[in-house]
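Data block below; observations after.
Number of protein chains: 2
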Amino acid sequence: MTNTRYDVLGIGNAIVDVIARAEDDFLTKQGMAKGGMSLIDEARATSIYKDMGSAIESSGGSAANTIVGAASFGAHTAFVGKVKNDPLGTVFAHDIRAAGVAFDTPPAKDGPATACCYVLVTPDGERTMNTYLGAAQNLTPADIDPAAIGSAAITYLEGYLWDPKDAKDAFVKAAKAAHDAKRQVALTLSDAFCVDRYRDEFLNLIRNGTVDLLFANESELKSLYQSSDFDTAAAALRKDAKLAAVTRSEKGCVVLSKDRATEVPAFPIEKLVDTTGAGDLFAAGFLYAFARGADHATCGRFGGLAAAEVIQHMGARPETSLRDLAAANGLKA
Amino acid sequence: MTNTRYDVLGIGNAIVDVIARAEDDFLTKQGMAKGGMSLIDEARATSIYKDMGSAIESSGGSAANTIVGAASFGAHTAFVGKVKNDPLGTVFAHDIRAAGVAFDTPPAKDGPATACCYVLVTPDGERTMNTYLGAAQNLTPADIDPAAIGSAAITYLEGYLWDPKDAKDAFVKAAKAAHDAKRQVALTLSDAFCVDRYRDEFLNLIRNGTVDLLFANESELKSLYQSSDFDTAAAALRKDAKLAAVTRSEKGCVVLSKDRATEVPAFPIEKLVDTTGAGDLFAAGFLYAFARGADHATCGRFGGLAAAEVIQHMGARPETSLRDLAAANGLKA
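If you read the protein sequences in the order shown, they are chains B and D. Residues 751 to 1083 in this note's numbering are what the first sequence lists, from first letter to last. Residues 751 to 1083 in this note's numbering are what the second sequence lists, from first letter to last.
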């Protein structure tokens, strides 16, 4: 095993979010599946942008949000993902580096623009996402440096990587490099529709030991096992997975391992503003504590704290130092 | 007088804000004057962006924020300002139109990029701004349509327009067109340093009747009359101005006319997050109520309500319907 340079290295679609408030009617008219993530082409992106309200732009991308969150707790982190050499690509690269994350993936010089996600936040705080993958599709196995992966205690992958063909190959190469270096691989299932697209492949990754730590929310878990009953799906997951953290919104999370199930309540919030990034930031806190060898309950508490911060403002990245927030709440890992 | 098509038409620098949190140390190292607005060139813009933290991008511009706020209350509005035909220009145009504001100024096809303001928000919620004027400098008198100005009950101008030479000429042309059509002209002094640059010219505009309604905050007022005493400066303003609304942060505002001074307390807030846009949104609420013929106290209350909304989140534009917010708080104009 090489020396540990990074606590967590994340690989994901590098995306800039365009976030606006919208009424439920807007989703209905646009035929959007509320709470989900849909892949869209450039023409649809243009059409949605034209119709949606005033927006803010904020760097996003599921795994990228997680890595930024882990860095905010004080973790040593790196991110691998593909932008284009265009204004939004410059924004993405600036923001992730400004968060203290190593980001060395060379930007694409031609081809489609930097990926964009049109996020509609309804009055209930729920977010509905429409992603134009653009340059993110051009992440290839050549962008995966086995030495960097080998120097990370945990390599964190997003299920969304299964969408672009080359990115999937990059995912597989990265997971192999991590295990070759005796490191751990974590996966988030990303989205219930994403699970629906790749159920058998994800189950295979979990069952064949590619995944050491799985993140899922309740609807992703139910989609994975095609069950409407949480307990049934959770029992199935305990048989298949080494370790899993399942988030349940305001019910908190449950950490599942072969020998035990640890329930952790949600961190209290004052006002739900925008759920964008809730799962990403849960993973950030969990991974930070996990990399430090914390017990399951502590990992869950760090996850809950980070998720609570991010859902109380617009956008998927923390607006405050999570390290300071943890200290202020007496959390130690 | 032509028919009234707009309650308020605003003219200002069309700017996209790049907003990040920063410690006071950062301002000191960068030699920035806390709480003010500095004009910067492209090289300085690049250097500041490189050093500043993760940011969000949000359409801004002082008068533009005001007009968007007035539209959010339900006013009929238009905006005149110059962007370039580039990605940030597209963002600016999208956001202002999505807010329901008529925006017909043709974008520049060449020349400098769309204007950008690097906003640093310190832990006390204060914002410090660095503006690269870019394409906004190319607003010229040719962009002023006297018919549009003549159809607006109030033409609202920002003092910042005095910075770019051609924009100043556009300002003068617009003010004349408004008065030719027997309409009213409102001006915000924008910034204490801006007042310092153009004190005599602003005083002349107020004294010669070009300005029917003046907006200023306490430090701008003191700068205007080079006095450290608020009451002295306010007394001088009452002699010079027809009508003025002076904001005093948490002390609320005072509306000054020849015959009376009306004090209005600030609207209570839960938590100060970011003061960016406080003055702009005060003007939005005041102008909305003023265009409806409300009394001075009511105008001040609408201003205070809008300012309170915008300082409780990041960014200078309202995140909620101000019309609904006014209704929820029993405010009627």
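Just so it is clear, CB atoms sit at the ideal spot from N, CA and C, and this is done for glycine as well.
Is there a Cβ of chain B sitting closer than 9 angstroms to that of residue i, yes or no?
| i | result |
| --- | --- |
| D:R771 | yes |
| D:E1059 | no |
| D:I761 | no |
| D:T1070 | yes |
| D:E970 | no |
| D:S724 | Beyond the ends of chain D as shown, which are 751 and 1083, falls residue 724 of chain D; an answer cannot be given. |
| D:S808 | yes |
Note the first and the last residue of the continuous beta strand (DSSP E) segment covering residue i.
| i | result |
| --- | --- |
| D:Q934 | 934-938 |
| D:T827 | 827-830 |
| D:Y882 | 877-882 |
| B:I904 | 902-908 |
| D:R947 | Not the beta strand (DSSP E): D:R947 falls in the alpha helix (DSSP H), residues 942-957. |
| D:V766 | 765-771 |
| B:G760 | 756-761 |
Since residue i and residue j should fall inside the 8 angstroms C-beta cutoff, what is the C-beta to C-beta distance between them, to a whole number of angstroms?
| i | j | result |
| --- | --- | --- |
| B:N815 | B:L1031 | 7 angstroms |
| D:L974 | D:R949 | 6 angstroms |
| B:L907 | B:I761 | 5 angstroms |
| D:I894 | D:A928 | Wrong, their Cβ atoms sit about 10 angstroms apart, outside the cutoff. |
| D:A1057 | D:I904 | 19 angstroms between Cβ atoms; not a contact. |
| D:V945 | D:G1002 | In fact, because the Cβ distance is near 21 angstroms, the residues do not count as touching under 8 angstroms. |
From what residue to what residue does the alpha helix (DSSP H) around residue i run?
| i | result |
| --- | --- |
| B:G839 | 837-848 |
| B:G786 | From DSSP, B:G786 is part of no alpha helix (DSSP H); its letter is neither H nor E. |
| B:E970 | 968-974 |
| B:S804 | Neither: B:S804 is in no alpha helix (DSSP H) and is coded neither H nor E. |
| D:D1074 | 1072-1078 |
| B:R1010 | Here B:R1010 belongs to no alpha helix (DSSP H), and DSSP marks it neither H nor E. |
| B:V1116 | Because chain B is modelled from 751 through 1083, residue 1116 of chain B falls outside the range shown and cannot be assessed. |
| D:L993 | Careful: D:L993 lies outside any alpha helix (DSSP H), inside the beta strand (DSSP E) at 993-997. |
| B:I817 | 812-823 |
| D:A1021 | With the sequence shown as reference, residue 1021 of chain D is identified as Lys, and Ala is not the correct amino acid for it. No alpha helix (DSSP H) contains D:K1021, which DSSP labels as neither H nor E. |
| B:T778 | 774-780 |
| D:E1059 | 1046-1060 |
| D:A885 | That residue, D:A885, is in no alpha helix (DSSP H); it is neither H nor E in DSSP. |
Near residue i, which residues of its chain fall below 6 angstroms by C-beta distance, leaving aside the five closest residues on each side in sequence?
| i | result |
| --- | --- |
| B:V869 | D767, I769, R877, M879, T1026 |
| B:D916 | T890 |
| B:A925 | V935, T960 |
| D:E1013 | V1004 |
| D:T871 | The question names Thr, yet the displayed sequence has Val at residue 871 of chain D. Closer than 6 angstroms at the Cβ level, and outside the excluded window around D:V871, lie R771, R877, D1024. |
| D:A783 | none |
| B:M802 | A770 |
| D:A795 | Y882 |
| D:F829 | G760, A814, I817, I846, V851, F853 |
| B:D774 | T872 |
| D:A863 | K834, D836, G884 |
Answer yes or no: does any C-beta atom of chain D fall closer than 9 angstroms to that of residue i?
| i | result |
| --- | --- |
| B:G1065 | yes |
| B:E876 | no |
| B:I817 | no |
Excluding sequence positions up to five away, which residues of its chain have a Cβ less than 8 angstroms from the Cβ of residue i?
| i | result |
| --- | --- |
| D:A843 | V833, F853, P857 |
| D:S977 | A983, A986 |
| D:E1123 | No statement about residue 1123 of chain D is possible, as the shown extent of chain D runs from 751 to 1083 and does not include it. |
| B:L971 | L939, F980, A983, A984, L987, V996 |
| B:G786 | T878, M879, D941, A942, F943 |
| B:A902 | T754, R755, Y756, D757, V758, L759, A828, A928, R933 |
| D:D919 | T890, P891 |
Can you find the residues in the same chain that come closer than 7 angstroms, C-beta to C-beta, to residue i, ignoring five residues on each side of it along the sequence?
| i | result |
| --- | --- |
| B:T1048 | A1039, A1083 |
| D:I765 | G810, G811, A865, C866, C867, T881, A886 |
| B:I956 | L964, D990, A991 |
| B:L1081 | R1051, F1052, L1055 |
| B:F776 | L870 |
Using a Cβ-Cβ cut-off of 9 angstroms, state whether residue i counts as contacting chain A.
| i | result |
| --- | --- |
| D:L937 | Protein chains B and D are contained in the structure displayed, whereas chain A is not. |
Under 8 angstroms from any heavy atom of the ligand FMN, does the C-beta of residue i make it?
| i | result |
| --- | --- |
| B:A805 | For the ligand FMN, the structure offers nothing, since it holds no ligand at all. |
Any C-beta of chain B within less than 9 angstroms: which residues of the segment 778-804 of chain D qualify? Y799, K800, D801, M802, G803, S804
Which of the residues in the segment 829-852 of chain B, read from start to end, lie with their CB under 8 angstroms from any CB of chain D? D836, P837, L838, V841, H844, D845, I846, A848, A849
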